[in-house]
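Novice: Each residue of the sequence shown is one higher than the one before, starting from 552 at the first, in the working numbering.
The following block contains the structure, expressed as structure tokens.
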Amino acid sequence: MISIGLATRNRPERLAQWVAHLQQLDGAPDVPVLIVDQSSHPTTMTLPDNIHYLHRPGSGLAIARNILLHVCETTYLVVCDDDCVPERDWLTVARRLVTTSPQVALWFGATYPTGTDWTLHHAPTPAGTTAWASRPDGNVCLALRTSPTTVQVQQPVAILESLGQGNNMIIHVPTARTVGGFDTLLGAGAHCRSGEDVEYALRLLCLHHSCAYHPALRVLHDAWQTPEQAARAAHGYTVGMVAVHTWYAWYGVSVAREYLAFRFGLRSTILRAGTPTSRYRERMQWRIQKILRAVVASLWGVILGCVLIARRGVPWHSAR
């Protein structure tokens, strides 16, 4: 019924840690595991018998996940990132969800930061909030989802605020194959840098499939960064998000238009978890750099969104 899928690239230590942790999950030895490794060189580590390892040099998270969908022999594929640590009952919860709600084409789960000495923050948007965390050392962790409320929808919504992101998902494989999988112009390693998960969920909802979120399907995100590193990561997120929503807004999806109105109508917030500098010049330099990054990312996202419109046409009708 269920396989586990992982896409990784040039992070052998992360891969080794992920494989080691996987063996500790309830029921893991009985579940097929598919790994698509886009690294320059194949791994030299010894893998358990239930792991099917595919070395496919290159880049593109969407490409790797489409390979996972192609080779998967079960009805559902449970995926996370190599910097995410699934809770012990991750597979148990996944089995329960797909058994009790077979009509759901895509499940998202909760994503919390690793460790305990952190503070959770919520950034407001017109559709709700997005979450990130900070530590006393000034580092931050992005791409979190901590809502305690189960959600199930069948019409377009703001994906990040209402459902989640691609670091913790259950994909109904036959549906994914029918609608074309993930768009390879989007996501890490592609020009659009991110957004393949958001676009896939929006496409499903535009086609009237059900998507859902459940807080019990939980992973821990081990991706602590300095504020400067996080700002660069946020730049990539913005490019992909603006591209996706420009594409969908062109074809009349109201939630995409609302996102663009928010993105271009409000001043960007400054992400800084550490102690603010007391020197005015440094503070202003940080703000100027952050605002410039946001402007460049947004404009580049619009350009790439226009490319998607020209190359793909109607997103829920286009071939991939």
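Built from N, CA and C at the ideal position, the CB exists for glycine as well.
Please read these numbers as outputs of a predicted model, since none were measured by experiment.
Between the C-alpha atoms of T667 and A684, what's the straight-line distance to the nearest angstrom?
Specialist: Approximately 11 Å, taken between the alpha carbons.
Novice: Which of the three DSSP states, helix, strand or coil, is assigned to F733?
Specialist: Of the three classes helix, strand and coil, the one that applies to F733 here is coil, per DSSP.
Novice: Can you look up I854 in the DSSP assignment and give me helix, strand or coil?
Specialist: Looking at I854 - three-state DSSP - the assignment turns out to be helix.
Novice: Going along the chain, which residues of its own chain have a beta-carbon closer than 7 Å to the beta-carbon of Y788, five neighbours each way excluded?
Specialist: The answer, listed in chain order, is S745.
Novice: Helix, strand or coil: how does DSSP classify V898 here?
Specialist: Within the shown structure, residues of the chain are numbered from 552 to 871, placing residue 898 beyond reach of any answer.
Novice: Does DSSP put Y764 in a helix, in a strand, or in coil?
Specialist: Three-state result, Y764: strand.
Novice: Given T670, which residues of its chain have a CB within under 7 Å of its CB, disregarding the five upstream and five downstream residues?
Specialist: Counting only Cβ-Cβ distances below 7 Å, and skipping sequence neighbours, we find A684 and S685.
Novice: For L573, I'd like the list of residues in its chain whose CB is within less than 8 Å of its CB, leaving aside the five on either flank, ordered along the chain.
Specialist: Contacts found: I555, A579, V584 and P637.
Novice: Does the beta-carbon of L850 have 16 or more other beta-carbons within 10 angstroms, so that it is buried, or is it exposed?
Specialist: When all chains shown are included, L850 counts as exposed.
Novice: How long is the line joining the alpha carbons of R862 and W798, rounded to whole angstroms?
Specialist: About 11 Å.
Novice: Is D588 near T597, with beta carbons less than 9 Å apart?
Specialist: Contact flag unset, no.
Novice: What would DSSP say about T662, mapped onto helix, strand or coil?
Specialist: Note: T662 maps to strand in three-state DSSP.
Novice: Quick check on this structure: which residue in V770, E809, T559 and V847 has the alpha carbon closest to the alpha carbon of T665?
Specialist: Checked all of V770, E809, T559 and V847; the closest Cα to T665 is V770.
Novice: Which residues bound the alpha helix (DSSP H) around P778?
Specialist: Element bounds for P778: P778 to W801.
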